[in-house]
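These notes are about the structure you will find just below.
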Amino acid sequence: MDAGLLGPKDVRDICAALGVMPTKTLGQNFVHDGATVRKIVRDAGVSAGMHVLEVGPGLGSLTLGLLEVGATVTAVEIDPRLAGALPETVRARQPENASNLRVLLQDALGIKTPEALEAATPAAPGGDFSAPITALVANLPYNVAVPVLLGLLEIMPDLRTVLVMVQAEVADRLAAGPGTRTYGVPSVKAAWYGEVARAANISRQVFWPVPNVDSALVALTRRPVPPAARESVFALVEAAFGQRRKTLRQALKTHYGSAAAAADVLEKAGIDPTARGEQLALADFVRLANAS
Numbered sequence: 584m585d586a587g588l589l590g591p592k593d594v595r596d597i598c599a600a601l602g603v604m605p606t607k608t609l610g611q612n613f614v615h616d617g618a619t620v621r622k623i624v625r626d627a628g629v630s631a632g633m634h635v636l637e638v639g640p641g642l643g644s645l646t647l648g649l650l651e652v653g654a655t656v657t658a659v660e661i662d663p664r665l666a667g668a669l670p671e672t673v674r675a676r677q678p679e680n681a682s683n684l685r686v687l688l689q690d691a692l693g694i695k696t697p698e699a700l701e702a703a704t705p706a707a708p709g710g711d712f713s714a715p716i717t718a719l720v721a722n723l724p725y726n727v728a729v730p731v732l733l734g735l736l737e738i739m740p741d742l743r744t745v746l747v748m749v750q751a752e753v754a755d756r757l758a759a760g761p762g763t764r765t766y767g768v769p770s771v772k773a774a775w776y777g778e779v780a781r782a783a784n785i786s787r788q789v790f791w792p793v794p795n796v797d798s799a800l801v802a803l804t805r806r807p808v809p810p811a812a813r814e815s816v817f818a819l820v821e822a823a824f825g826q827r828r829k830t831l832r833q834a835l836k837t838h839y840g841s842a843a844a845a846a847d848v849l850e851k852a853g854i855d856p857t858a859r860g861e862q863l864a865l866a867d868f869v870r871l872a873n874a875s
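Residue numbers (the numbering used here): 584 to 875.
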């Protein structure tokens, strides 16, 4: 491992110096393999001059990889010890890129507006963070990956591309299509924002500590939102999958007031009332919302 990125010994040494014991509660599994880091950065299409958002930078493994190619990074970290140490790690390993990092001590779930990111503190003077954030590249904490991803996509319209590492099962759900076993609420909601694809698997051995679940990359490319009210579409999605074994006529009866009323709207939208939610694509939910 070259001096610019973190290897296994570096990860352990930093944790020991900070008195950090990785916790499952915060989803802390630190990447220590430079080849994996560079693959993520490469697959994300990150290049010099891009402004990238990273959630959960931890010890800085991926942060260093993003800075290495010339990106500007805004990092959101919930652990105060890690947030405080990250700038020093960058200064020690890539001093020439230290001014291209700013860190926000914050729970990513609490970020409700793009302006909240302006509270981030630059690691060194001289960095230019005026460009909009157009990419999200992160090793997301497994327990909050879906709400963090969907929340950021909603509040950050300039976010054009996403490549995040998540639990493999979550990647499957996010990228699933209608009629498949893993298709559900996360699948439809993610599709609202863009084209979603499951990317590479990530070995458990590149993490410390080694997690007891498999990891994978999931990519999203932004597209124009559908011609419907997001709140209406999402409410229908949640109702349809809330009782996914029932027909839509029955699953949506509370939403519309009665099974008969649900059937009427479904037929108006050109959807079979005896179908189930797992059979509907995003376009079907959009059509149903507009028919309501």
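We treat Cβ as the ideally placed atom computed from N, Cα and C, and that holds for glycine.
Taking all protein chains shown into account, do 16 or more other C-beta atoms lie within 10 angstroms of the C-beta of residue i, making it buried, or fewer, making it exposed?
i, result
"Asn795", "exposed"
"Arg756", "buried"
"Thr696", "exposed"
"Lys836", "buried"
"Ala600", "exposed"
"Met584", "With a pLDDT of 44 at Met584, under the threshold of 50, the modelled position of this residue cannot be trusted, and the question is left open."
"Gln611", "buried"
"Pro605", "buried"
"Glu850", "exposed"
"Asp741", "exposed"
"Pro670", "buried"
"Pro730", "exposed"
"Asp921", "Residue 921 cannot be examined here, being either before or after the span of the chain that is shown, 584 to 875."
"Ala866", "exposed"
"Val620", "buried"
"Thr655", "buried"
"Gly643", "buried"
Using only alpha-carbon positions, find the residue among the options that is nearest to residue i.
i, options, result
"Arg674", "Gly587, Leu746 and Ala812", "Gly587"
"Asn784", "Val747, Gly760 and Trp791", "Val747"
"Ala751", "Asn722, Val771 and Ala627", "Asn722"
"Leu819", "Gln788, Ser875 and Met739", "Ser875"
"Ile694", "Val659, Asp626, Ser786 and Ala754", "Val659"
"Ser815", "Gly767, Ala858, Phe868 and Glu778", "Phe868"
"Pro807", "Glu737, Ala823 and Arg859", "Glu737"
"Leu567", "Ser841, Tyr839 and Ala822", "The structure shown does not extend to residue 567, since the chain is modelled only from 584 to 875, so the question has no answer here."
"Gly617", "Leu647, Asn683 and Asp626", "Leu647"
"Thr857", "Leu865, Ser841 and Ala834", "Ala834"
"Gly860", "Ser841, Ala844, Leu831 and Ala843", "Leu831"
"Met739", "Thr655, Tyr776 and His838", "Tyr776"
"Asp662", "Leu733, Leu735 and Gly602", "Gly602"
"Pro769", "Glu701, Asp797 and Phe824", "Phe824"
"Pro810", "Ala728, Pro724, Ala799 and Asn873", "Asn873"
"Arg813", "Asp797, Ser644, Gly734 and Val749", "Gly734"
"Val880", "Pro705, Pro715, Leu645 and Thr763", "Nothing about residue 880 can be reported from this structure: the residues present for the chain run from 584 to 875 only."
"Asp797", "Val749, Val771 and Ala699", "Val749"
"Phe817", "Ala780, Val771, Gly840 and Lys829", "Val771"
"Thr704", "Asn726, Arg787 and Ala668", "Ala668"
"Arg781", "Val753, Gly767 and Pro792", "Val753"
What distance in whole Å lies between the Cβ atoms of residue j and residue i, which are believed to be in contact at a cut-off of 8 Å?
i, j, result
"Met852", "Arg827", "Residue 852 is actually Ala in this sequence, not Met. At roughly 19 Å, the Cβ-Cβ gap does not stay under 8 Å, so Ala852 and Arg827 are not in contact."
"Ala759", "Thr765", "4 Å"
"His615", "Gly590", "6 Å"
"Thr672", "Ile597", "7 Å"
"Val745", "Ala802", "7 Å"
"Glu651", "Gln677", "7 Å"
"Phe712", "Arg743", "Wrong, their Cβ atoms sit about 17 Å apart, outside the cutoff."
"Ser682", "Gly653", "About 12 Å; that fails the 8 Å criterion."
"Ala846", "Ala718", "About 44 Å separates the two Cβ atoms, so there is no contact after all."
"Leu688", "Ala666", "4 Å"
Could you confirm whether any beta carbon from chain C is found closer than 8 Å to the beta carbon of residue i?
i, result
"Ala706", "Here chain C cannot be found, since the structure has a single protein chain."
What does residue i pair with, by DSSP beta-bridge criteria?
i, result
"Glu814", "Paired residue(s): none; Glu814 is not in a bridge."
"Trp791", "Phe613"
"Asn722", "Met748"
"Thr717", "Bridge partners of Thr717: none, in fact."
"Leu802", "Before going on, a small fix: residue 802 reads as Ala here, not Leu. For Ala802, which the question treats as bridged, DSSP gives the partners Leu746 and Ala780."
"Leu687", "Val659"
"Thr704", "Val686"
Is it the case that the CB of residue i approaches a heavy atom of the ligand SAM more closely than 7 Å?
i, result
"Gly643", "Of ligands this structure carries none, so the ligand SAM is not represented either."
Beta strand (DSSP E) segments (min. 3 residues) lying fully within the segment 728 to 788 = 744 to 750 and 777 to 785
Length-filtered (3 minimum) beta strand (DSSP E) runs lying within the segment 623 to 682 | 634 to 638 and 655 to 660
Secondary structure, alpha helix (DSSP H): runs of 4+ residues fully inside the segment 813 to 869 = 813 to 825, 831 to 834, 836 to 839 and 842 to 851
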